[in-house]
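Quick note on the UniProt record's numbering: the sequence shown kicks off at 1 and runs consecutively. Cβ atoms here follow ideal geometry from the backbone N, Cα and C, with glycine treated the same way.
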Amino acid sequence: MDAISWQLLIEGAWTTLWISAIAIAFGVVAGLLIALVRMLRLPVIDQLLVVYISLARATPLVTLVLFLFLSLPTMGINLDKNVAAIVALTLNTSAFNAEIWRNAFRTFPREQREAAGVGGNAPLDLLPLHHAAADVDREPAGAGQ
């Protein structure tokens, strides 16, 4: 390979790294927020989030990327290629992370949840994030994200 090919390869690798880092960061935070909203059990919102998670997890990532690149411009929505890649990866990552976080929250012992509720805490105060993050680390799905 000549010098120009190596330069293009390095630029592509760098672009992949920074787009992935941004998308993963946004996806983890969005997944956490989705999981927390689902824990509130608001009927309509919960069902909409279940549909979003199911569709996003069942749709191949390349399909979402192609939709953003090819279909949105026909509707008059033009996204920069890097922004479209970040949005596609964030949507995909957030759906998977929402289920990872939700299952991490569900692993709390019943006694711990009851003890927190006795103290008069709000529903979201019952779930200390540092315990959930430790559970995400132990879960095989969380370790792979």
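- CB of residue 12 to nearest heavy atom of the ligand FMN: below 6 Å? The model on display carries no ligand, and the ligand FMN is accordingly not part of it.
- Can you check whether the CB of residue 35 is closer than 7 Å to the CB of residue 98? Along the sequence shown, read from residue 1 onward, the residue named residue 98 stands at position 98. Along the sequence shown, read from residue 1 onward, the residue named residue 35 stands at position 35. The answer is yes: Cβ separation under 7 Å.
- Message: Rounded to the nearest angstrom, what separates residue 20 and residue 118 at their Cα positions?
- Response: Locating residue 20 in the sequence shown gives position 20, where the first residue counts as 1. Locating residue 118 in the sequence shown gives position 118, where the first residue counts as 1. Going from the Cα of residue 20 to the Cα of residue 118 covers about 42 Å.
- Query: Among residues of its own chain, excluding the 5 on either side of residue 42, which ones have a beta-carbon nearer than 8 Å to its beta-carbon?
  - Reply: Locating residue 42 in the sequence shown gives position 42, counting from the first residue. Sequence-distant Cβ neighbours of residue 42 in its own chain, meaning closer than 8 Å and more than five residues away, do not exist here.
- Message: On the CB-based measure, 16 or more other CB atoms within 10 Å of its CB, does residue 67 come out buried or exposed?
- Response: On the sequence shown, residue 67 is found 67 positions in, with the first residue counted as 1. With fewer than 16 Cβ atoms within 10 Å of its Cβ, residue 67 is classed as exposed.
- Is residue 94 near residue 31, with beta carbons less than 7 Å apart? Against the sequence shown, residue 94 aligns to sequence position 94. Against the sequence shown, residue 31 aligns to sequence position 31. Closer than 7 Å, so yes.
- Does DSSP classify residue 76 as helix, strand or coil? What you label residue 76 is simply residue 76 of the sequence shown in a count that begins at 1. Three-state result, residue 76: coil.
- Task: Kindly confirm or deny that the region 79-88 and the region 96-112 touch, where touching means at least three C-beta pairs closer than 8 Å.
- Result: no
- Put residue 2 into one of helix, strand or coil per three-state DSSP. The residue you call residue 2 lines up with position 2 of the sequence shown. If DSSP states are grouped into helix, strand and coil, residue 2 belongs with coil.
- Message: Going by DSSP in three states, residue 109 sits in which element: helix, strand or coil?
- Response: By 1-based counting over the sequence shown, the position of residue 109 is 109. Of the three classes helix, strand and coil, the one that applies to residue 109 here is coil, per DSSP.
- Under three-state DSSP, which class holds residue 60? Along the sequence shown, one-based indexing puts residue 60 at 60. Of the three classes helix, strand and coil, the one that applies to residue 60 here is coil, per DSSP.
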